[in-house]
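In the working numbering, the protein residues as written are 399 to 993.
In structure tokens, the structure reads:
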């Protein structure tokens, strides 16, 4: 909607809100009249104390008028106390109404357009319900307090100047109006910039949340550069908008200087002219008191509040007034960008092992006990290896080393003949997934996007609908895809169970061209039948499969089993290992007892 429409919409809603609270507004106005009296007495009493008292040789009279000014100060304190009492009756209903409206908007969008609500995510609604409602409440309270103070302070000061000598207004008002006009000219541009900054903040919050939820998967798939690019663009946009805000703030400061300092300069420079036209010294001193102690501080506070809290309040209220503005969708769903590729990756040379570890050592710190110590392991192309051992023994660390997420502290880790932590298998230098391997952790990564996008984001090129359908049928995920609404349906990760997320991630791994799949308990949320079907399908897929097993059935299905026991590793078939490894014998007995 246009900027003019924004102001008109917010203004209409604001008038509707205030019309329902006329009693509270009248009470605030009555208390504020005392503030006008305090301002009037402040300057007028100083003028009379000089002209009728001290300059006339009547010290008692002068002291009496200063006492009147002191009574005015007490009236101002009393007025401020009453104002704060009525302010809560105006501010709290605004906050409550915004909270109710935010909830209605989120529920209404979810009911009327679930797909859009899913794409938009929850961050915009949460931001309105928490941060933006409190921002509106605080900004509105400060604005009401300061605007009311300025209006009634200005009323008292201008009446006082007119009472002392009407010609004083001729000198003071032009400078005040000039500075005020310059200040008002900055309001709408600043509101536009702040609105854009709020959009960027919501988008950055949503994108950061998506990235954090799938960080491990993004790194494992080599998508850090592409995933981080979106974050960098949003941060750069915030930086640009911050610079624009700083420039407009500088212009606003200049306007404040004109409105807040120029009237004093004009009054002092015009003092000889005023005295020559019969204006008394006391009247000039009273006028200076009005400017320095009352009018200019109130104007400065008003301009600061309107320039900051006022434009911020306008932007935030527009979010609540405009149903189309809530929630605003973030940029395109976070997904691993495969990057430009010219064709499928070349298969590894027949003589290169799929995975090769030589004298590998790893510890989480220079003085920490090693998790992996002097490990040698060779996994042949096409082999199915299961990794077993107690919790915390190093199974996930081993998969992270093979995936290149962790560099070994000693020894070498090679995948398809190349260093695991290098980048020779990437689709493009520093960009796109590593086509040599795919890692699926226990917490499966599913992003906000279509089912088809979630199933094919590990593929460097386009994938046909038929290939996707065959993959989901083989994995047993076709019923899940149908229940979600088909390949073109939008997935909301928060609405999926852990098992459903794992099923989608397993189907994506099946479609991946990577010749090495690493499953770090990636089937732990599936029932045994679904797990067996998935593991058999992935084992029959061309390539090598390494599975961190959590059931005996996974070890039985594997070609070989690697047992990690903290002191030494033993590798062999399921039939051989009970005789060679006491730990494996104990694990088999425990698994059989549980099964």
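Note that CB positions come from ideal geometry on N, CA and C, so glycine has one too.
Beta-carbon gap between residue i and residue j smaller than 7 Å
i           : j           : result
residue 642 : residue 591 : yes
residue 578 : residue 681 : no
residue 692 : residue 550 : no
residue 945 : residue 816 : no
residue 563 : residue 663 : no
residue 688 : residue 604 : no
residue 833 : residue 911 : yes
residue 699 : residue 544 : yes
residue 866 : residue 853 : yes
residue 462 : residue 452 : no
residue 972 : residue 959 : yes
residue 878 : residue 901 : yes
residue 701 : residue 646 : no
residue 954 : residue 961 : no
residue 838 : residue 920 : yes
residue 555 : residue 437 : yes
residue 937 : residue 782 : yes
residue 803 : residue 857 : no
residue 976 : residue 966 : no
residue 792 : residue 769 : yes
Residue burial classification, residue i (beta-carbon count within 10 angstroms, cutoff 16)
i           : result
residue 671 : exposed
residue 862 : exposed
residue 790 : exposed
residue 987 : exposed
residue 525 : Confidence is the limiting factor: at residue 525 the pLDDT is only 46, short of 50, which leaves the residue's position unreliable and the question unanswerable from this model.
residue 568 : exposed
residue 420 : exposed
residue 896 : exposed
residue 482 : exposed
residue 805 : exposed
residue 927 : exposed
residue 918 : buried
residue 771 : buried
residue 773 : buried
residue 860 : exposed
residue 472 : exposed
DSSP-derived helix/strand/coil call for residue i
i           : result
residue 560 : helix
residue 963 : coil
residue 757 : strand
residue 772 : strand
residue 584 : coil
residue 474 : helix
residue 694 : helix
residue 655 : helix
residue 861 : coil
residue 971 : coil
residue 881 : helix
residue 856 : coil
residue 784 : strand
residue 553 : helix
residue 674 : helix
residue 985 : helix
residue 638 : helix
residue 803 : coil
residue 539 : helix
residue 816 : strand
residue 846 : coil
residue 809 : strand
residue 833 : coil
Integer Cβ distance of residue i from residue j, believed to fall under 8 Å
i           : j           : result
residue 846 : residue 777 : Contact flag wrong, Cβ pair sits at about 35 Å.
residue 448 : residue 679 : 6 Å
residue 874 : residue 914 : Rounded, the Cβ-Cβ distance is 23 Å, inconsistent with contact.
residue 850 : residue 809 : About 41 Å; that fails the 8 Å criterion.
residue 432 : residue 474 : 7 Å
residue 903 : residue 844 : 7 Å
residue 661 : residue 570 : 5 Å
residue 540 : residue 703 : 6 Å
residue 685 : residue 666 : Contact flag wrong, Cβ pair sits at about 10 Å.
residue 594 : residue 639 : 6 Å
residue 650 : residue 538 : Going by Cβ atoms, the distance from residue 650 to residue 538 rounds to 20 Å, so no, they are not a contact pair.
residue 963 : residue 787 : 6 Å
Proximity test, residue i beta-carbon vs the ligand GTP heavy atom, cut-off 6 Å
i           : result
residue 925 : Summarising the ligand content, the structure contains no ligands, and the ligand GTP is consequently not present.
Any chain B beta carbon closer than 7 Å to residue i
i           : result
residue 570 : Checking the listed chains, one finds no chain B in this structure; it contains a single protein chain.
Review point. In chain order, which alpha helix (DSSP H) runs of at least 4 residues are fully inside the segment 419 to 465?
Key: Note on the segment 419 to 465: whole alpha helix (DSSP H) runs with a minimum of 4 residues are 420 to 446, in chain order.
Exercise for review: Would you mind listing the beta strand (DSSP E) stretches within the segment 886 to 929 that are 3+ residues and don't spill past its ends, in chain order?
Suggested key: Within the segment 886 to 929, complete beta strand (DSSP E) segments of at least 3 residues are found at 914 to 918, given in chain order.
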